[in-house]
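Protein chains in written order, with full-length UniProt numbering: chain A, 1 to 280; chain B, 1 to 545; chain C, 1 to 317. Even glycine gets a Cβ: it sits at the ideal position worked out from N, Cα and C. Being a predicted model, the structure only gives us computed values, none of them experimental.
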Amino acid sequence: MAVSPLSMRRLGYHVTWTGILAALIVLFWAVIAIIGPSLMPHDPGEIVDFDYFGPMSKALWFGSDYLGRDMVSRILMGARYTVGISLAAVCLACASGALLGMTAAVTGGWFDTLLSRFLDALNSIPSKLFGLVMVAAVGSSIPVLILVLAVIYTPGSYRFARALAVNINTMDYVTVARARGERTPYLILHEILPNMTGPVLADIGLRFVFIVLLLSGLSFLGLGVQPPYADWGSLVRENIGGLPFGAPAVIIPSLAIASLTISVNLLIDNLPVKIRDRSA
Amino acid sequence: MPNLVEIRDLRIEATSDAGNKLQIIKGVDLDIAAGEIVALIGESGSGKTTIALSLMGHTRRGCAITGGAIRLDGRDVVGMTERQRAALRGTEVAYVPQSAAAAFNPAVRLIDQVVEVTRIHRLMPMAEARKKAIELFRALALPDPDTIGQRYPHQVSGGQLQRLSAAMALIGGPKLVIFDEPTTALDVTTQIEVLRAFKSVMKAGGMAGVYVSHDLAVVAQIADRIVVLKGGEVQETGTTEQILHAPADAYTRELLSAFEPVAFARAQDIAPARVPVLEMSHVFAGYGPIGPDRMPHKLVLRDVSCRLDRGRNLGVIGESGSGKSTLARAMAGLLPPAGGKVLLDGALLEPAAHQRSKEELRRLQIVFQLADTALNPQRAIGDILGRPLGFYHGLRGGAKQARVAELLDMVRLPRSMIHRLPGELSGGQKQRVNLARALAANPEVILCDEVTSALDTVVAAAVIELLKELQRELDLSYVFISHDLSTVQAICDEVMVMSQGEVVDTLRADQLPDGARHPYSRLLFSSVPQLDPGWLDRVPLRAGV
Amino acid sequence: MNSQVLRLVMGRLGVAAVTLLIVSLVVFGATQMLPGDVAEILLGQAATPEAVAGLRQAMHLDQPALWQYGHWLWGLAQGDLGTSYANNMPVAQLIGGRLVNTLRLAAVTAAIAVPLALTLGITCAMYRGSLYDRVVSAGVIGVISVPEFMIATLAVLIFAVWLKWLPALSLGNDISSIGQMLRAFAMPVITLLCVICAQMIRMTRAAMISVLDSPYVEMALLKGASRPRMVLHHALPNAVGPIVNAVALSLSYLFGGVIIVETVFNYPGVARLMVDSVATRDLPLIQACAMIFCIGYLSLITFADVIAILSNPRLRK
Numbered sequence: 001m002a003v004s005p006l007s008m009r010r011l012g013y014h015v016t017w018t019g020i021l022a023a024l025i026v027l028f029w030a031v032i033a034i035i036g037p038s039l040m041p042h043d044p045g046e047i048v049d050f051d052y053f054g055p056m057s058k059a060l061w062f063g064s065d066y067l068g069r070d071m072v073s074r075i076l077m078g079a080r081y082t083v084g085i086s087l088a089a090v091c092l093a094c095a096s097g098a099l100l101g102m103t104a105a106v107t108g109g110w111f112d113t114l115l116s117r118f119l120d121a122l123n124s125i126p127s128k129l130f131g132l133v134m135v136a137a138v139g140s141s142i143p144v145l146i147l148v149l150a151v152i153y154t155p156g157s158y159r160f161a162r163a164l165a166v167n168i169n170t171m172d173y174v175t176v177a178r179a180r181g182e183r184t185p186y187l188i189l190h191e192i193l194p195n196m197t198g199p200v201l202a203d204i205g206l207r208f209v210f211i212v213l214l215l216s217g218l219s220f221l222g223l224g225v226q227p228p229y230a231d232w233g234s235l236v237r238e239n240i241g242g243l244p245f246g247a248p249a250v251i252i253p254s255l256a257i258a259s260l261t262i263s264v265n266l267l268i269d270n271l272p273v274k275i276r277d278r279s280a
Numbered sequence: 001m002p003n004l005v006e007i008r009d010l011r012i013e014a015t016s017d018a019g020n021k022l023q024i025i026k027g028v029d030l031d032i033a034a035g036e037i038v039a040l041i042g043e044s045g046s047g048k049t050t051i052a053l054s055l056m057g058h059t060r061r062g063c064a065i066t067g068g069a070i071r072l073d074g075r076d077v078v079g080m081t082e083r084q085r086a087a088l089r090g091t092e093v094a095y096v097p098q099s100a101a102a103a104f105n106p107a108v109r110l111i112d113q114v115v116e117v118t119r120i121h122r123l124m125p126m127a128e129a130r131k132k133a134i135e136l137f138r139a140l141a142l143p144d145p146d147t148i149g150q151r152y153p154h155q156v157s158g159g160q161l162q163r164l165s166a167a168m169a170l171i172g173g174p175k176l177v178i179f180d181e182p183t184t185a186l187d188v189t190t191q192i193e194v195l196r197a198f199k200s201v202m203k204a205g206g207m208a209g210v211y212v213s214h215d216l217a218v219v220a221q222i223a224d225r226i227v228v229l230k231g232g233e234v235q236e237t238g239t240t241e242q243i244l245h246a247p248a249d250a251y252t253r254e255l256l257s258a259f260e261p262v263a264f265a266r267a268q269d270i271a272p273a274r275v276p277v278l279e280m281s282h283v284f285a286g287y288g289p290i291g292p293d294r295m296p297h298k299l300v301l302r303d304v305s306c307r308l309d310r311g312r313n314l315g316v317i318g319e320s321g322s323g324k325s326t327l328a329r330a331m332a333g334l335l336p337p338a339g340g341k342v343l344l345d346g347a348l349l350e351p352a353a354h355q356r357s358k359e360e361l362r363r364l365q366i367v368f369q370l371a372d373t374a375l376n377p378q379r380a381i382g383d384i385l386g387r388p389l390g391f392y393h394g395l396r397g398g399a400k401q402a403r404v405a406e407l408l409d410m411v412r413l414p415r416s417m418i419h420r421l422p423g424e425l426s427g428g429q430k431q432r433v434n435l436a437r438a439l440a441a442n443p444e445v446i447l448c449d450e451v452t453s454a455l456d457t458v459v460a461a462a463v464i465e466l467l468k469e470l471q472r473e474l475d476l477s478y479v480f481i482s483h484d485l486s487t488v489q490a491i492c493d494e495v496m497v498m499s500q501g502e503v504v505d506t507l508r509a510d511q512l513p514d515g516a517r518h519p520y521s522r523l524l525f526s527s528v529p530q531l532d533p534g535w536l537d538r539v540p541l542r543a544g545v
Numbered sequence: 001m002n003s004q005v006l007r008l009v010m011g012r013l014g015v016a017a018v019t020l021l022i023v024s025l026v027v028f029g030a031t032q033m034l035p036g037d038v039a040e041i042l043l044g045q046a047a048t049p050e051a052v053a054g055l056r057q058a059m060h061l062d063q064p065a066l067w068q069y070g071h072w073l074w075g076l077a078q079g080d081l082g083t084s085y086a087n088n089m090p091v092a093q094l095i096g097g098r099l100v101n102t103l104r105l106a107a108v109t110a111a112i113a114v115p116l117a118l119t120l121g122i123t124c125a126m127y128r129g130s131l132y133d134r135v136v137s138a139g140v141i142g143v144i145s146v147p148e149f150m151i152a153t154l155a156v157l158i159f160a161v162w163l164k165w166l167p168a169l170s171l172g173n174d175i176s177s178i179g180q181m182l183r184a185f186a187m188p189v190i191t192l193l194c195v196i197c198a199q200m201i202r203m204t205r206a207a208m209i210s211v212l213d214s215p216y217v218e219m220a221l222l223k224g225a226s227r228p229r230m231v232l233h234h235a236l237p238n239a240v241g242p243i244v245n246a247v248a249l250s251l252s253y254l255f256g257g258v259i260i261v262e263t264v265f266n267y268p269g270v271a272r273l274m275v276d277s278v279a280t281r282d283l284p285l286i287q288a289c290a291m292i293f294c295i296g297y298l299s300l301i302t303f304a305d306v307i308a309i310l311s312n313p314r315l316r317k
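Shown next, in the form of structure tokens:
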């Protein structure tokens, strides 16, 4: 099933074709999010087709939307919002979650108990519901959306990081460092953090998928990214009228979301494995 | 008469996570006659458990039998269907696992698990099976044989569970019983009872057995023949007498030499200074919330006092739960004592490590049991050794590099290891790095917590030798904590016996092991298995402890 | 029930109570972050200083935030959910009938999803690595990786647009027969089922595999037990706790699911009411809906934890 390309093998890593394919798709969307706007054939706001929900054609590869705008341009623009907002939110969430989690694990005591109790309580609010309440309260401009998504996913990332850090904290090398007289910041940065980067990176990937799904869901409900900006979720929403005809304007953005999230999931499941055999 | 078991050219392959195939059993031949007990002996990774499990047609996940034949009572186990193998298991060949605590289903009463074999194979009516089980409990010297089966696994002790697992194996009347390191997880005083019970039921039943172990002395008590394994290959096969007294193979001789008593002899006798380098007086320590009596909820150390003179070594010996590791943690300030004093060179130390000065911390270093968890797997050896140099002595750059190289020389490791990660080193090498890190502080006292327990015997002996050399060169004093009498004997001037958090006996090296006064230390010392095959039958039964 | 179990269960209930209090604080606090003065926004064009002051007093907006929180919580405890800003009706009245609709949808989904997903999850774990397991697992990854609205639109596309078996909207017209009711329910339930089952299969499979990998299951194999016996007699009794937890956690996806499903299919449930009230910033309604969902979710999780405690064999006498 899994045949490894030789170059990776020589570096001592084992990879699968699924993993490579998933990585390529993720990379593709990352590149599109950065350079997408310069590739747009039309202005995403410009009406280029007299017909609405136009089919795929030579001129308009992905057809046109409910106003007759070019879908290729709108997808390219949407990539920036979907990927950008989600990435910013996931970085915020995981950075604060990991930092708090490690600090709580190393410090212990009251700080740990209170913080864990509070964040666990936040974690018990279903994410979509939390999103609705926050959006209702503070609106949905893009910086606010990023912040809201980060707040929603910080408790989960905290819990994950804390569990890891608690395990590492019981390791003898941390005890040795303590007995040497090292202070908390050193313990966190030099003894604990390097040993959890792998799992934390995988967690960032998983949480990125959750955030993309939540953001798309909110946008689909009309509560996420607001016009004139549009992420992929908003594209599905505004073109939902084309669903009965199976218009590309509603199918393509859905496929874009699915390709991104499924690829990230597959990539995490098929990360390169360091080859550690007893001999050879 | 044909042999009960005939293994010919057995080959087993393992598939690693990365999909690589690796032969772990490389063409093994083995015969077992009916009623004969054969021991498979070897170090971790020698393939002894893999071979034993293959007798039941079972391989662990990721492993597969790729060649050879296993004939059990004339039938080929390798070629059988899974259903045929299932019919074999429990009735023809039975298994006693290494950790009975994990092998018993926590949700089912013990008696139901013991008689399950008879239920699966419809061997006898339930009432009869229960009666037979109770007879087996009695034969295995289990307490309350009539009622012990009604309990759940978490309600009986480890030694009892191990005997119950033997009852579980014997109930189906198998022709062959496989013992997979059944006493390795037990303390010596428990081990001796379990061994005695195993030996008597095997003798009475006339069954054949395969006894897997890494411990020659244990095996010598119970086996008729010994097969020495290394790296998936048979090194030597012979009767127990022949292997013990006339080993032909070099590796066998190496294993045996680790048992030769190393009499401790100090080169020159130093007159003890007036002030001990490390002293504990009336220390109480434990875990959990502090109660109204200002003592922790779960008290582990009770009124422990000891002294270590400069240039001397203090051994601390005891079984699991005796508090010997807690003692080291209390000395190092990792578990601040709730009462009593710790003095370094006559000066009072603060109870908690973070209250002690950097200089005090530097002079008292600790080395842990498992080198695997004691070295940060993400940092190169150079960084690991360099940190205490920078932290305590402010060394940087070239001076630090030079000192790291010196430290590696001291522990007899090549300098090229500076850039390696701990994962790339062997167990013995890791333990040397572990030691070098403590030496980097230029300490006066090193607390060694079971530093050789996780190592194979030959490697452990080399580490002990290194510790002695370093002591001569660097004027160190060790507190040497171990559960193993022979290692403590090899290095310590004085030995403290601990039991349930208290010091029950303190002995000079020359009084070991026969000079023990306290009944517990006598029991502990007499329970250490000897290479002599007649030892088990000679040791008096545990009495009144 | 022995005292240790009782203590653990009481402890768990206590944690749930504290959690609920924190959640209520967060829900209330979040809605306090609304920029601008609620009274002014509500009055809009008619916002004369006198009118604003009068409304502020009537709504207790002139009181300190903590007092308002206490007032709101006290009302909540007595079943008083407040008054909607949008149409001045009691929130309880607005929610009432719609809550029944949502619960009905959730109950039907759960009744089908739990047995279906448990069977699939456990059998996948039993035959780990087989073609059957790989196919199911791939499907599960696919479903959990896409947003719920995609499942919903896909269901519309397949069942309503192409096959024309089912109506795209539910409860659109009168429901006179059971057949019509089933047809009206079908699309929302199918969508929810996909979402819930995928999560539940994944978590059940993982929980079951960790138990199947334990030494006592290997021991049963070495005693000659058949595969069904290993699973039913040895693995399952020990997997009850983890599996119940997996079920509760995946049922929590119902909450996210209904929000989308009710919107897509125009289903008159409480989740749709909440989405609408977010658009109009009807805070009392949002607060009430949020608390209802959180209480539902917390009870589910707490119930699962209690079952896990009760089923732990190590706590048996």
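Distance from the CA of Ser-210/C to the CA of Ala-161/A, rounded to the nearest whole angstrom, comes to 21 Å. In this model, Met-134/A and Asn-195/A are separated by some 35 Å (Cα to Cα). Residue ranges of uninterrupted beta strand (DSSP E) with 3 or more members, entirely inside the segment 192-269 of chain B and ordered along the chain, are 208-213, 225-230 and 233-239. Ser-216/A has a beta carbon lying within less than 8 Å of a beta carbon in chain C. Pairing Gly-131/A with Ile-152/A gives a Cβ-Cβ distance under 8 Å. Boundaries of the alpha helix (DSSP H) around Arg-56/C: 49-58. Chain order gives the chain A residues near Pro-388/B as Arg-180, where near means a beta carbon separation below 8 Å.
Counting C-beta pairs closer than 8 Å gives fewer than three between the segment 249-263 of chain A and the segment 101-109 of chain A, which falls short of the contact rule.
One thing to note: Ala-139/B has its Cβ within 8 Å of the Cβ of Val-201/B.
When DSSP states are grouped into helix, strand and coil, Gly-286/B belongs to the strand group. Across the structure, Leu-142/B and Gln-160/B are spaced so that their CA atoms are roughly 7 Å apart. It is roughly 6 Å from the alpha-carbon of Gly-142/C to the alpha-carbon of Ile-262/A.
If you look at Cys-63/B, you'll find it in the beta strand (DSSP E) that goes 63-72. Taking every protein chain shown into account, the CB of Gln-365/B has 16 or more other CB atoms within 10 angstroms, so this residue is buried.
Leaving aside the five residues that flank Gly-139/C on each side, none in its chain has a CB nearer than 7 Å to its CB. In the three-state reduction of the DSSP assignment, Ile-317/B falls in the strand class, which pools E and B. The beta carbon of Arg-205/C is closer than 7 Å to those of Gly-121, Cys-124 and Ala-125 in its chain, skipping five residues each way along the sequence. It is roughly 26 Å from the alpha-carbon of Asn-2/C to the alpha-carbon of Tyr-216/C. Annotated three-state conformation of Phe-368/B is coil, per DSSP. The beta carbon of Glu-148/C is closer than 6 Å to those of Val-195, Gly-257 and Ile-260 in its chain, skipping five residues each way along the sequence. The residues Met-89, Pro-90, Val-91 and Pro-284, in chain order, have a CB closer than 8 Å to that of Thr-83/C in the same chain once the five nearest residues on each side in sequence are set aside. With respect to the 8 Å criterion, Val-96/B and Phe-179/B are classified as neighbours on the basis of their beta carbons. At the C-beta level, Thr-184/B and Gly-158/B stay beyond 8 Å of one another.
Along the segment 89-123 of chain A, going in chain order, the ones with a CB nearer than 8 Å to a CB of chain C are Arg-117, Phe-118, Asp-120, Ala-121 and Leu-122. By the neighbour-count definition (other C-beta atoms within 10 Å, threshold 16), Tyr-287/B is an exposed residue. Contact between the segment 299-313 of chain C and the segment 240-249 of chain C is present: three or more C-beta pairs spanning the two stretches fall below 8 Å.
Within the segment 128-150 of chain C, contact with chain A at the beta-carbon level (separation under 7 Å) is assigned to Ile-141, Gly-142, Ser-145, Val-146, Pro-147, Glu-148, Phe-149 and Met-150.
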